[in-house]
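Residue numbers for the sequence shown follow our numbering, so the first one is 18 and each next one is one higher. I have placed the structure first, in the form of structure tokens, so that the comments after it can refer back to it.
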Amino acid sequence: MVVGGGNSAADAALTCWREGARVTIVHLFEELDRGVKPWVRPDIENRIADGSIPALWRHRILEIRPREVVVEHLETGVRRTLANDWVLAMTGFEPDPSPLTRLGVEVDPVTAVPHHAPATMETNVPGIYVAGVVVSGHDANKIFIENGKLHGPLIAASVAAKKTSS
Ligand SMILES: Cc1cc2nc3c(=O)[nH]c(=O)nc-3n(C[C@H](O)[C@H](O)[C@H](O)COP(=O)(O)OP(=O)(O)OC[C@H]3O[C@@H](n4cnc5c(N)ncnc54)[C@H](O)[C@@H]3O)c2cc1C
């Protein structure tokens, strides 16, 4: 059972199904989340439509037992007990900024974006750089592989420039 309707849920459901697992999606809403990537959406939607991966929309899990789960429809309150071995709760994540703050890097309390210069990726602590998805704080969809990999050259150039000037 995969809980959620975002990219992680779609990826997990499709991967498990392709590896031979029987997968059911349980989601609070009536459809997949709008942020599901365009190249993943047809795959997961078609698997749901043809019944390969059943989706229980507007459902939540009430109870997880060793070999079954109890799910409930949010409006009707109808409960079902389904045979189940594993539950993957793909319900989101938040960055843990504590390794940065321990170094003295200022992290925005609302956005969780670390204070940094976008041209060099250097934080407010000289010599400490940030790269990758951590740069986008809570909004993980802003940085992905294609733009996250651009951070490396900026950092390398900054480090090289410092070496040249020292
Ligand atoms: C479901 C899903 C689908 C995606 N699909 C795509 C896609 O199709 N195309 C695309 O471009 N991007 C995609 N992305 C985004 C992409 O995965 C990320 O942008 C990318 O992985 C970010 O790389 P990163 O190295 O910054 O961070 P991560 O890949 O998250 O790496 C961070 C690493 O740091 C480790 N770590 C964390 N805290 C600590 C600590 N305290 N000490 C030591 N290690 C620590 C973690 O274990 C992890 O290994 C997807 C993301 C998700 C969740």
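The beta carbon of each residue, even a glycine, is placed where N, CA and C say it ideally should be.
Assign residue i to one of two classes, buried (16 or more other C-beta atoms within 10 Å of its C-beta) or exposed (fewer than that).
{"i": "Arg96", "result": "exposed"}
{"i": "Thr140", "result": "buried"}
{"i": "Arg64", "result": "buried"}
{"i": "Ala72", "result": "buried"}
{"i": "Ser153", "result": "buried"}
{"i": "Ile160", "result": "buried"}
{"i": "Ala27", "result": "buried"}
Output the boundary residues of the beta strand (DSSP E) element that contains residue i.
{"i": "Leu99", "result": "96–100"}
{"i": "Arg187", "result": "The chain is shown from 18 up to 183; residue 187 falls before or after that span and cannot be answered."}
{"i": "Val86", "result": "85–90"}
Does DSSP classify residue i as helix, strand or coil?
{"i": "Leu31", "result": "helix"}
{"i": "Pro116", "result": "helix"}
Am I right that residue i and residue j are in contact with their C-beta atoms under 8 angstroms? What's the rounded C-beta distance?
{"i": "Thr108", "j": "Gly52", "result": "Not really, about 14 angstroms apart at Cβ, beyond 8 angstroms."}
{"i": "Arg82", "j": "Leu91", "result": "Contact doesn't hold; Cβ gap of about 21 angstroms is too wide."}
{"i": "Ala100", "j": "Glu85", "result": "5 angstroms"}
I need the boundaries of the alpha helix (DSSP H) containing residue i, first residue and last residue.
{"i": "Ser182", "result": "168–182"}
{"i": "Glu48", "result": "From DSSP, Glu48 is part of no alpha helix (DSSP H); its letter is neither H nor E."}
Stretch pair the region 123–137 + the region 97–105: three plus CB contacts closer than 8 angstroms: no
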